[in-house]
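Novice:
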Amino acid sequence: MESNAPLVSHYSSTLYFWDTRNSLLNTRYSMVRVRFAPSPTGFVHVGSLRTALYNYLFARHHGGVNILRIEDTDRTRLVEGAVDGLYRTMRWAGVTFDEGPIEGGKYGPYVQSERTDLYRKYSDELVTSGNAYPCFCTSERLDLVRKSQQATGTPPMYDRLCRNLTTTEVSARIAAGEPHVIRLRVPIGETVHFHDLVRGNIEFDSRTIDDQVLLKSDGFPTYHLANIVDDHLMEITHVIRGEEWVSSTPKHILLYQAFGWEPPKFAHLPLLLNADRSKLSKRQGDVAVEDYKDKGYLPEALINFLALLGWNPSAFQEIFTIEELIRDFDLERVNKAGAIFNREKLDWVNAEYIRKMTPEYLALLVRPILETRGYFATDDYLVSVVRLMQERARTLPDFVDFASYFYVAPTEYDEKYKAKHWNDAAKENLRELLPLFQAVESWSHDSLEGIVRVFAESKSLSAGKLIHPIRLAVTGRGMGPGLFELLTLIGKQESLLRIEHCVANLA
RNA sequence: GGCCCCUUCGACUAAUGGUUAGGUCACCACCCUUUCACGGUGGCUGCACGGGUUCGAGUCCCGUAGGGGUCACCA
7 MESNAPLVSH YSSTLYFWDT RNSLLNTRYS MVRVRFAPSP TGFVHVGSLR TALYNYLFAR
67 HHGGVNILRI EDTDRTRLVE GAVDGLYRTM RWAGVTFDEG PIEGGKYGPY VQSERTDLYR
127 KYSDELVTSG NAYPCFCTSE RLDLVRKSQQ ATGTPPMYDR LCRNLTTTEV SARIAAGEPH
187 VIRLRVPIGE TVHFHDLVRG NIEFDSRTID DQVLLKSDGF PTYHLANIVD DHLMEITHVI
247 RGEEWVSSTP KHILLYQAFG WEPPKFAHLP LLLNADRSKL SKRQGDVAVE DYKDKGYLPE
307 ALINFLALLG WNPSAFQEIF TIEELIRDFD LERVNKAGAI FNREKLDWVN AEYIRKMTPE
367 YLALLVRPIL ETRGYFATDD YLVSVVRLMQ ERARTLPDFV DFASYFYVAP TEYDEKYKAK
427 HWNDAAKENL RELLPLFQAV ESWSHDSLEG IVRVFAESKS LSAGKLIHPI RLAVTGRGMG
487 PGLFELLTLI GKQESLLRIE HCVANLA
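The end of the first sequence is residue 513 by the working numbering, with every number in the run present.
1. Would you say Phe347 and Leu286 are within 8 angstroms of each other, going by their C-beta atoms?
2. Just to check my reading of the structure: Ser223 and Pro185 have Cβ atoms closer than 8 angstroms, yes? What is that Cβ distance to the nearest angstrom?
3. Within the region 388-434, note down every full alpha helix (DSSP H) run reaching 4 residues or more, in order along the chain.
4. Can you give me the C-alpha to C-alpha distance between Val518 and Leu171, rounded to a whole angstrom?
5. Contact defined as beta carbons within less than 8 angstroms: I believe Arg504 pairs with Val480. What is the distance between those atoms, to the nearest angstrom?
6. Could you check the C-alpha separation between Phe200 and Glu241 for me, to the nearest Å?
7. Could you give the C-beta distance for Leu132 and Leu220, rounded to a whole number, given that I count them as a contact under 8 angstroms?
8. Grab the span of the alpha helix (DSSP H) containing Lys153 for me, first residue to last.
9. Provide the residue span of the alpha helix (DSSP H) that contains Gly470, from first to last.
10. Starting from Leu331, trace the alpha helix (DSSP H) in both directions and tell me its first and last residue.
11. Suppose the cutoff is 7 angstroms on Cβ atoms and the five residues either side in sequence are ignored; what does the same chain contact list for Leu493 look like?
12. Taking the beta carbon of Asp237 as the centre, do at least 16 other beta carbons fall within 10 Å, making it buried, or is it exposed?
13. Beta carbon of Trp449, beta carbon of Gly497: below 8 angstroms?
14. Going straight from the alpha carbon of Trp98 to that of Ala307, what length do you get?
15. Excluding the five sequence neighbours on either side, which residues of its own chain have a C-beta within less than 6 angstroms of the C-beta of Met395, listed in chain order?
16. When the Cα atoms are used, what is the spatial distance from Phe64 to Asn137?
17. For Val40 versus Val295, is the C-beta distance shorter than 8 angstroms?
18. Could you check where the alpha helix (DSSP H) with Cys508 kicks off and where it finishes?
19. Over what stretch of residues does the alpha helix (DSSP H) that includes Val235 continue unbroken?
20. Taking all protein chains shown into account, do 16 or more other C-beta atoms lie within 10 angstroms of the C-beta of Leu13, making it buried, or fewer, making it exposed?
21. Just the C-alpha distance for Pro269 and Val176, rounded to the nearest angstrom, thanks.
22. Give me the residue from Ala510, Tyr139, Asn61 with the minimum Cα distance to Trp428.
23. With a 10 Å radius around its C-beta and 16 neighbouring C-beta atoms as the bar for buried, classify Arg34 as buried or exposed.
24. Among residues of its own chain, excluding the 5 on either side of Thr20, which ones have a beta-carbon nearer than 6 angstroms to its beta-carbon?
25. Tell me whether the beta-carbon of Cys168 lies closer than 8 angstroms to the beta-carbon of Pro140.
26. Out of Asp452, Glu463, Val446, Tyr419, which has the shortest C-alpha to C-alpha gap to Ile476?
Structure follows, in structure tokens:
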């Protein structure tokens, strides 16, 4: 019949062992060790970044160790260069690791495909102890079983055909070279429970837990096996991961019990959501960290924004330095409900950061974009443009795309603005103003403003009647920095050229 | 469908049995102003619903509804 005895006896016999070790080596085990364990399937999802960030903040807050582990046990989904990309993204975001494939560490290797012998060994151990069993079912049979279960409305689970094969039959079939997997022997009639640091106690009836595949027929482990073997061997103290893992956690608990290992503490993070409250997905917008980098968001801003999606220390502060995030971070203040990724708020946070940075630093970040657009500017000039645009820009490309007239004369003129401010009277005014501009000796903010205001007064006009047409002629736009700042930067010759051109040609 | 989780303004959230339910983004109005932006002032909307417990419930309990996650030899 069913043999679930090994689980129970294993667990209780090793509990004593762990309790003793825990008290004897208390200092060692009080050291926080967390891991970020992505599978290298290409880009880094912003949700993954947030998970990585929370692990990082938790580790730093507690003076613990942050570990990167690559979970590449699915050979069919390997993506060339994904690990490099992952590191590039993490470095950009400022999330650092103390142990990992590049950092090294005494718990390595940190790439699961280099640890397959280990998983095999532990899988064998589970089979020997009766907590796992070989299964020879083909995927075709499994599909059929699943289909009939769906048809009858029963929960789709493995029907446990191979669970009670005799040892002689098992040996024979293995000797015959029959492909097989190793499955977890889930005990019957138990309640599996665990305490989640975010959600509290969570319980599962073991009859709802599938006899999960632990070792695939290609000899590679599944996530479930590799994950707990590594978490144990790497002495992970806290597993901080996305909510989508809650329903597989009981399988992990069962594995810890089967091995007689003390499970780590779990904290399941709320999901990042689309506007319709479904799991944040590619179909409804940008999900790759790279997308946000490319669109001109600053890493500090993205991190700040992401940190506050699902966690909040007080709600009386919106902008946090990374040091403040580390100081304040606390798993107990992580929310339970999913959070919608709100792009407008990100824009605002980004704008806040742009206003805080030095123009020199921003200019460095803007230059590549400038060159992509085919514009030219000296370093000094670019810094000046940044200074004028700084409180108007929300993202990095704004310094180029909303300010193109600083680099090249306008070829298009804003229709609405033109309709409002460009007419024969305006042109006549500019025609008369032009010689005064030409005659000016110091092309400076104050002298230009003085000329315009005196001229306007002499003609009994409001200064706006001159300012708006000049802005249109010089920039083509109805928005931007103060006119006299802008004229000063663009320079006398170029400014006059543009005004003359429009007076002569713009209808 | 089974199992698990969740539910405060449109969005992110604060509140740890006693508040006119607070802040931020977005939105609207006004002020500042040469435009846009910044800044300032004000406004708009919220405790999913129904029962309990309690002198008192957004906060505790039960139920309902709604939403989400998960049910692979993927992680």
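C-beta: ideal position from N, C-alpha, C; glycine also.
Specialist: On the basis of the supplied data:
1. Position 341 of the first sequence, counting from 1, holds the residue named residue 347. Position 280 of the first sequence, counting from 1, holds the residue named residue 286. Yes. Within cutoff.
2. Looking up residue 223 in the first sequence gives position 217. Looking up residue 185 in the first sequence gives position 179. Yes, they are in contact, since the Cβ atoms of Ser223 and Pro185 sit about 5 angstroms apart, within 8 angstroms.
3. 404-407, 421-427
4. Residue 518 is absent from the model: the chain starts at 7 and stops at 513.
5. Position 498 of the first sequence holds residue 504. Position 474 of the first sequence holds residue 480. That pair is a contact at about 5 angstroms.
6. Numbered from 1 along the first sequence, position 194 holds the residue referred to as residue 200. Numbered from 1 along the first sequence, position 235 holds the residue referred to as residue 241. Rounded to the nearest angstrom, the two C-alpha atoms are 19 angstroms apart.
7. On the first sequence, residue 132 is found 126 positions in, with the first residue counted as 1. On the first sequence, residue 220 is found 214 positions in, with the first residue counted as 1. The Cβ separation is near 7 angstroms, so the contact holds.
8. As a working mapping, residue 153 is identified with position 147 in the first sequence. Unbroken alpha helix (DSSP H) run through Lys153: 145-158.
9. Against the first sequence, residue 470 aligns to sequence position 464. From DSSP, the alpha helix (DSSP H) with Gly470 extends over 470-481.
10. Reading the first sequence from its first residue, position 325 is the one you call residue 331. Where Leu331 is concerned, the enclosing alpha helix (DSSP H) stretches over 328-334.
11. Residue 493 sits at position 487 when you count from the first residue of the first sequence. Within the same chain, Leu493 has close Cβ partners Leu454, Val480, Ser501.
12. Sequence index remark: in the first sequence, residue 237 carries index 231 (1-based). With 16 or more other Cβ atoms within 10 Å, it is buried.
13. By 1-based counting over the first sequence, the position of residue 449 is 443. By 1-based counting over the first sequence, the position of residue 497 is 491. Cβ distance < 8 angstroms, so Trp449 and Gly497 count as in contact.
14. Reading the first sequence from its first residue, position 92 is the one you call residue 98. Reading the first sequence from its first residue, position 301 is the one you call residue 307. Those two C-alpha atoms are separated by around 12 angstroms.
15. Residue numbering aside, residue 395 sits at position 389 when the first sequence is read from its first letter. Once the five neighbours on either side are set aside, the close Cβ partners of Met395 are Phe405, Ala409.
16. Translated into the one-based positions of the first sequence, residue 64 becomes position 58. Translated into the one-based positions of the first sequence, residue 137 becomes position 131. About 34 angstroms.
17. Position 34 of the first sequence, counting from 1, holds the residue named residue 40. Position 289 of the first sequence, counting from 1, holds the residue named residue 295. No, the Cβ-Cβ distance between Val40 and Val295 is not below 8 angstroms.
18. Walking along the first sequence from the start, residue 508 turns up at place 502. Looking at the DSSP string, the run of the alpha helix (DSSP H) that includes Cys508 is 498-511.
19. As a first step, residue 235 is located in the first sequence; it is residue number 229 there, counting from the start. Counting along the chain, the alpha helix (DSSP H) containing Val235 begins and ends at 229-239.
20. For the purposes of this step, residue 13 is taken as the residue at position 7 of the first sequence. Model confidence at Leu13 stands at a pLDDT of 32, short of 50, so the residue's coordinates are unreliable; what they give is reported in the following sentence. Buried: at least 16 other Cβ atoms inside 10 Å.
21. Mapped onto the first sequence, residue 269 falls at position 263. Mapped onto the first sequence, residue 176 falls at position 170. Each residue's Cα considered, the two are about 31 angstroms apart.
22. Here residue 428 is taken as the residue at index 422 of the first sequence, counted from 1. Looking at the Cα atoms, Ala510 is the closest of the given residues.
23. As a first step, residue 34 is located in the first sequence; it is residue number 28 there, counting from the start. Note on Arg34: pLDDT 43, under 50, position unreliable in the model; the coordinate value appears next. Flag for Arg34 reads exposed.
24. To locate residue 20, count along the first sequence from 1; it is residue 14. With a pLDDT of only 30 at Thr20, under the threshold of 50, the placement of this residue in the model should not be trusted, and no figure is reported.
25. Here residue 168 refers to the residue found at position 162 of the first sequence. Here residue 140 refers to the residue found at position 134 of the first sequence. Cβ atoms of Cys168 and Pro140: closer than 8 angstroms.
26. As a working note, residue 476 is residue 470 in the first sequence. Cα-wise, what sits closest to Ile476 is Tyr419.
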